[in-house]
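Undergrad: Protein chains in written order, with my numbering: chain V, 1 to 401; chain E, 1 to 508; chain P, 1 to 408.
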């Protein structure tokens, strides 16, 4: 083979593979916007427009060569990059400095962490074939009983353990109805959410008279890499993150390994794709599903406990405020995969973090920005950018012969 | 060959609510033989095998494997005793690879924790070489064909060191070539000392592959006979318990005007693969045109396209001379196409609806059933009463749910609704599947009567006997094409061969 | 009758045909007459009672006080109708909640009959509410009937359109309505936060300088007439009769119109419906739109009937749309059942909170009993196997009784 032929093969084989081109487009789209914010803060709109157009073209190329999902993704990112880029160049550099600081990353991670826990939990449940729209309720249980436990035992470790138990128990209720009684899983999940709202609300009043949790409850500690006087970008972003944030990131990796690199994961997935096939080779479908649902409850509860014991250090009624549903959205948007779900949680966390800073521009934009995760998920399930495909047997009760 | 009994089942009895599925059945299996279990649908073959595989527990009886009494409470126990089963519906996970499917539940691991796909692939590759299966362990199951999926199922059993293999109706989903390849594989396995239980209701293939044949009828064992000396006739007699098959009295039809004309029709299936590939034929007034073929050769898609339930890719359908483009179900109904669908419970009836509501399933939207969007339930009842009387539907009143009717009466209700609409063309897909003899005779009689009334009838059936005894003209469908056309006196052998892709000649 | 419920005399199918949610619920509807929902509700009350007991309160006294709080003791002396007295006043408040719950319940029930689970009642209720507020506040100068009719009609339309998004996505790309309606709920929630917040488009003009995130009051010409009680103290408005009328409309649409025939056919068996010549996808959109119209109407009537204004904190606290799920499920998706279940939950809603005067249990505590009972009811209704086993046990007992004494 001639050198030219070899090069030709490399170029055609790798560099212009549709998915790779789409990835370039994706990166260019992000770059288009990135150039206009600190630390670069390009003031001319020409650059974001030019780069954004390149990103869009790359996406169109990828779509035309069959990489539909990735390609449309690049097109969308390109267009958004142009839009945001132009907006940023029109805004004052001072405002930009306020919104786009390194601490935005820390803030994104704070908001993404409860979502990550619950979404990964949901992945276990749904991969095993049990729909779990009760994530919100399980999270709320963890949030309330976690801080109660930390208050009573005097240590955040106790709080976390009690949160896991509470979330696990509620999940067990869901599992019992979904698996044993073959109740409709969506109806059951809805019920679990109401139940958690009632139970936590009731005991919050009973135990704390609906007032604030006493201050000084043991809090999950931060992990300090840098000194408090350090104000470098790295320090602002990663220097003082809560322990649970790091746990969440480890959890993503571990759950990926468990789900896709171990026999346990293979069996869980088998139960979610074709339970009868799993049964006929001797896998206990009921036990696997029970275990997965309980794990999902415990992980969701850990996310809730982070919220109260790790972040807010207090509790108020319905403190989770729909985060369990955003986690569900992250799970779907992330295509029932750990890194996908984590990526979606980061994206949704970022949108929340930005929403909290947007009032410097406009209060209305800040509020509407909070709806972004839901809009994105709506678009995702509509299949505009590829289609999210759930496990084949999810939601169907299994009847053992 | 060494004659050792590897399996004995004695006095197996299994009752379900209202039915004795197995009644004191004895069965034994010797090393290296293919032992066929033959019987009609519902004779108790699958129940017996599910008991052997631990999916059901017998109410009475004893099972011995290699002389040891065993009791299986789950498939896991049966697998541990060296029994493998290939189910009629494959138990494979489409998104996983061949190797993952095979090793599931006994996965090789690395360092005791991690699943080891390379080792799984190596072990599977070893098996595929040993038994000469052409199959790639790394391929996802969703990308391989039906014949290969069956081999994966067999590999699953072999990987679990099974020496007894149960095959439940294995050829039902196979093309003839695939079936003969399967038989090759089975002969190879028995040479290696495996024993095979082969469940079937097809006489010819049982005679081809089996060493011994056990016949079940209504849950009871009739007899076990060696292949030598058995004939299709003798086996059929044992299976059905009487000599003659159903005959329908009819005079030769007098074909009139063309009522249904199908021109170069192309239809794809749910997976977007071509299922009907350029089919042309016509049905005239006063004739029954039968379509014979093995299941899955495009019959369902053909019927769905003609009745507007599936969009045709190309081609033309004319009803009573008028071409209908992009016919929806409603357009086809209005054009005068009646349809007795192949699955009355899933499609033909809304089981939760009353008989009266089902009787008006097509015509609820026009007078007298409704006017200006408003329904007149009294008219529904009147119409249902007429159908019940005229078609002798028993077991329910107009206000009863259709679900309470027996299968035969449900089918009568469907047929009554379709015929009473006075269609030009009546399409009957598997009209007698799963019915008792009385209902079958009634429906056959009725189809002939409707032909004599001057309707055109298209009969699609998997039962060749039914096609032969009713049709005035017979079309043979194979792989989505009409491969032959015959008059009413065609021989069963010739058509049987064509259904399997042999003896091909161009359609008229 | 119980003969038809015994399983068909055949071995279980290896892969039974998947029935729709509506099909499963139909099974539930056949089983047990009124006994099953009553038992379901009693069980939920009993379990919640145990929680009350475990936390040191007397559940029987607590429930007695809740019944009084709901004004149901008015039935003991129905001639005393002046709402200056507690019992009649509490009853009017219970019926106010019932009005809303009938409609949000119908919003869930109608979709169920088409095989769809509409969790989006809350969002559709919000859209109706926002729309009614906008029309009621801004379009002043209209004659009273015209103003009311316009506001109510647009509220229903807003709810219908919001729900139709989910129906449309289901029909065109097969997106699961549960996911889409959940997302639409939260989008509506944030739209509400945006509309009423400081500087939001619907914030009341008088509230702007005061930095109060609450809308303006609807004009007098848009307020619904009150027929029982003091209009200034949340009297019972004529929307109550509208809700009752909607129960009839619901029944009539389903059982007496072509549309209802199609919706039910699709709900029970989409394949058979398509075979019958019914356009399945069109019916998904229509059923969702009608469902949404019920919820939107609920929002409209609430706004014009007694709320008159709405704020950010109200948006964040509202959950009456979700309660419609429990109402519909307990009422077995029928008109009469939904009406009765709405009365039960309406009584709970008011009787455990504002109406409650008790030295046994505090309203702030009792209020959460509603959520618990709601959760338990939904949980039990979803478990059809549980219900069927109760039903079968009942059938066995009955047969044994008929056979003369218990079997061995």
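Note that beta-carbon positions come from the ideal geometry of N, C-alpha and C, so glycine has one too.
Give every residue of the same chain whose Cβ lies closer than 6 Å to the Cβ of residue 122 of chain P, excluding the five residues on either side of it in the sequence, and list them in chain order.
TA: Residue numbering aside, residue 122 of chain P sits at position 122 when the third chain is read from its first letter. So the list reads 185, 321, 322, once near-sequence residues are dropped.
Undergrad: Quick one: is residue 331 of chain V near chain E, going by C-beta distance under 8 Å?
TA: Mapped onto the first chain, residue 331 of chain V falls at position 331. It does not: the Cβ of residue 331 of chain V has no partner Cβ on chain E nearer than 8 Å.
Undergrad: Cβ atoms of residue 171 of chain E and residue 205 of chain E: under 8 Å apart, would you say?
TA: In the second chain, counting from the first residue as 1, residue 205 of chain E sits at position 205. In the second chain, counting from the first residue as 1, residue 171 of chain E sits at position 171. Against a cut-off of 8 Å, the Cβ pair of residue 171 of chain E and residue 205 of chain E comes out as a contact.
Undergrad: Could you work out which residue in E:350, E:494, E:10, E:369 is closest to residue 517 of chain E when comparing CA atoms only?
TA: Given a span of 1 to 508 for chain E in the structure shown, any question on residue 517 of chain E remains unanswerable.
Undergrad: What is the DSSP secondary structure of residue 69 of chain E, reduced to helix, strand or coil?
TA: Along the second chain, one-based indexing puts residue 69 of chain E at 69. The answer is strand: DSSP assigns residue 69 of chain E an E or B state.
Undergrad: Strictly under 8 Å for the Cβ-Cβ distance: is residue 273 of chain E near chain V by that measure?
TA: One-based indexing of the second chain puts residue 273 of chain E at position 273. Residue 273 of chain E does not count as touching chain V.
Undergrad: Can you name the start and end residues of the beta strand (DSSP E) that residue 77 of chain E belongs to?
TA: Here residue 77 of chain E refers to the residue found at position 77 of the second chain. Element bounds for residue 77 of chain E: not the beta strand (DSSP E) but the alpha helix (DSSP H), 75–80.
Undergrad: For residue 152 of chain V, which of helix, strand or coil comes out of DSSP?
TA: Along the first chain, read from residue 1 onward, the residue named residue 152 of chain V stands at position 152. Residue 152 of chain V falls in the helix class under three-state DSSP.
Undergrad: How is residue 275 of chain E classed by DSSP in three states: helix, strand or coil?
TA: Walking along the second chain from the start, residue 275 of chain E turns up at place 275. Note: residue 275 of chain E maps to strand in three-state DSSP.
Undergrad: Going along the chain, which residues of the stretch 257–283 of chain V sit with their C-beta nearer than 9 Å to a C-beta in chain E?
TA: Those residues of the stretch 257–283 of chain V that come within reach of chain E (Cβ to Cβ, closer than 9 Å) are 257, 260, 261, 262, 263, 264, 265, 266, 267, 269, 270, 273, 274, 276, 277, 278, 279, 280, 281, 282, 283.
Undergrad: With DSSP as the reference, identify every bridge partner of residue 401 of chain E, one or two as the case may be.
TA: On the second chain, residue 401 of chain E is found 401 positions in, with the first residue counted as 1. Residue 401 of chain E pairs with E:354.
Undergrad: In chain P, which residues lie less than 8 Å from residue 575 of chain E when you measure between Cβ atoms?
TA: Not covered by the structure: residue 575 of chain E. The range shown for chain E is 1 to 508.
Undergrad: Give me the chain E residues within the contact set of residue 268 of chain P, using Cβ-Cβ distance strictly less than 9 Å, ordered along the chain.
TA: For the purposes of this step, residue 268 of chain P is identified with residue 268 of the third chain, where counting begins at 1. Near residue 268 of chain P (Cβ distances below 9 Å), the residues of chain E are 350, 351, 352, 353.
Undergrad: Considering only the beta carbon of each residue, do residue 359 of chain P and residue 109 of chain P sit closer than 8 Å?
TA: For the purposes of this step, residue 359 of chain P is taken as residue 359 along the third chain, with counting starting at 1. For the purposes of this step, residue 109 of chain P is taken as residue 109 along the third chain, with counting starting at 1. No, Cβ-Cβ distance for residue 359 of chain P and residue 109 of chain P is not below 8 Å.
Undergrad: Closer than 8 Å by beta-carbon distance: list the chain P residues that pair up with residue 245 of chain V, in chain order.
TA: Within the first chain, numbered from 1, the residue matching residue 245 of chain V stands at position 245. For a Cβ distance threshold of 8 Å, nothing in chain P lies close to residue 245 of chain V: the least Cβ distance comes to about 24 Å.
Undergrad: Go ahead and pull the three-state DSSP assignment for residue 237 of chain V.
TA: Along the first chain, read from residue 1 onward, the residue named residue 237 of chain V stands at position 237. Residue state, collapsed to three classes: helix.
Undergrad: CA-CA distance, residue 190 of chain V and residue 311 of chain V?
TA: Numbered from its first residue, the first chain carries residue 190 of chain V at position 190. Numbered from its first residue, the first chain carries residue 311 of chain V at position 311. If you take the alpha carbons of residue 190 of chain V and residue 311 of chain V, they lie about 27 Å apart.
Undergrad: Leaving out five residues before and five after residue 14 of chain P in sequence, what residues of the same chain have Cβ atoms less than 6 Å from its Cβ?
TA: Here residue 14 of chain P refers to the residue found at position 14 when the third chain is read from its first residue. With a pLDDT of 30 at residue 14 of chain P, under the threshold of 50, the modelled position of this residue cannot be trusted; read the value that follows with caution. Cβ within range, chain order: n/a, list empty.
Undergrad: Would residue 352 of chain V and residue 111 of chain V qualify as a contact pair, given that the criterion is a beta-carbon distance under 8 Å?
TA: As a first step, residue 352 of chain V is located in the first chain; it is residue number 352 there, counting from the start. As a first step, residue 111 of chain V is located in the first chain; it is residue number 111 there, counting from the start. In contact: residue 352 of chain V and residue 111 of chain V (Cβ atoms closer than 8 Å).
Undergrad: Give the straight-line distance between the Cα atoms of residue 513 of chain E and residue 122 of chain E, rounded to the nearest whole angstrom.
TA: The requested residue 513 of chain E does not occur in the structure, where chain E is confined to residues 1 to 508.
Undergrad: Hey, would you say residue 96 of chain E sits closer than 8 Å to residue 146 of chain E, going by beta carbons?
TA: As a working mapping, residue 96 of chain E is identified with position 96 in the second chain. As a working mapping, residue 146 of chain E is identified with position 146 in the second chain. Taking 8 Å as the Cβ cut-off, residue 96 of chain E and residue 146 of chain E do not qualify as a contacting pair.
Undergrad: Classify residue 234 of chain V as buried or exposed, calling it buried when 16 or more other Cβ atoms lie within 10 Å of its own Cβ.
TA: Within the first chain, numbered from 1, the residue matching residue 234 of chain V stands at position 234. Per the 10 Å Cβ criterion, exposed.
Undergrad: Can you tell me whether residue 370 of chain E is helix, strand or coil according to DSSP?
TA: To locate residue 370 of chain E, count along the second chain from 1; it is residue 370. Reduced to three states, the DSSP call for residue 370 of chain E is strand.
Undergrad: Would you mind telling me which residues of chain P sit closer than 8 Å to residue 310 of chain V, beta carbon to beta carbon, in chain order?
TA: In the first chain, residue 310 of chain V corresponds to position 310, counting from 1. Neighbours of residue 310 of chain V on chain P: none; closest Cβ ~23 Å, over 8 Å.
Undergrad: Return yes when the Cβ of residue 331 of chain V is within less than 8 Å of the Cβ of residue 183 of chain V, no when it is not.
TA: In the first chain, counting from the first residue as 1, residue 183 of chain V sits at position 183. In the first chain, counting from the first residue as 1, residue 331 of chain V sits at position 331. Not closer than 8 Å, so no.
Undergrad: Hey, does residue 75 of chain E have any beta-carbon neighbour from chain V nearer than 8 Å?
TA: Taking the first residue of the second chain as 1, we reach residue 75 of chain E at position 75. So yes, residue 75 of chain E belongs to the interface.
Undergrad: Using a C-beta cutoff of 8 Å, does residue 179 of chain V count as contacting chain P?
TA: For the purposes of this step, residue 179 of chain V is identified with residue 179 of the first chain, where counting begins at 1. Not one chain P Cβ lies under 8 Å of residue 179 of chain V.
Undergrad: Jot down the residue ranges of each uninterrupted alpha helix (DSSP H) in the stretch 29–63 of chain P, minimum 4 residues, whole runs only, in chain order.
TA: 35–54
Undergrad: Less than 8 Å between CB atoms is the rule here; does residue 486 of chain E satisfy it with respect to chain P?
TA: One-based indexing of the second chain puts residue 486 of chain E at position 486. Judged by the 8 Å Cβ criterion, residue 486 of chain E is not in contact with chain P.
Undergrad: Work out the CA separation of residue 265 of chain E and residue 314 of chain E for me, nearest whole Å.
TA: Taking the first residue of the second chain as position 1, residue 314 of chain E is located at position 314. Taking the first residue of the second chain as position 1, residue 265 of chain E is located at position 265. The straight-line gap from Cα to Cα measures roughly 6 Å.
Undergrad: Taking its Cβ as the centre, do 16 or more other Cβ atoms sit within 10 Å of residue 50 of chain P, making it buried, or is it exposed?
TA: Residue 50 of chain P sits at position 50 when you count from the first residue of the third chain. Exposed, by the Cβ-count rule.
Undergrad: In chain V, what lies closer than 7 Å to residue 193 of chain P by C-beta?
TA: On the third chain, residue 193 of chain P is found 193 positions in, with the first residue counted as 1. Chain V residues near residue 193 of chain P: 367.
Undergrad: Would you mind working out which of P:362, P:363, P:237, P:379 sits nearest residue 97 of chain P, comparing C-alpha positions?
TA: Your numbering for residue 97 of chain P matches position 97 in the third chain. For residue 97 of chain P, the nearest C-alpha among the options comes from P:237.
Undergrad: Do we get a CB-CB distance below 8 Å when we pair residue 218 of chain P with the residues of chain V?
TA: Here the question's residue 218 of chain P lines up with position 218 in the third chain. Closer than 8 Å: no.
Undergrad: Is it right to say residue 233 of chain P is buried, meaning 16 or more other beta carbons lie within 10 angstroms of its own, or is it exposed?
TA: Within the third chain, numbered from 1, the residue matching residue 233 of chain P stands at position 233. By the neighbour-count rule (16 or more Cβ atoms within 10 Å), residue 233 of chain P is not buried but exposed.
Undergrad: Against chain V, which members of the stretch 97–120 of chain P pass a CB distance test of less than 9 Å?
TA: 117, 119
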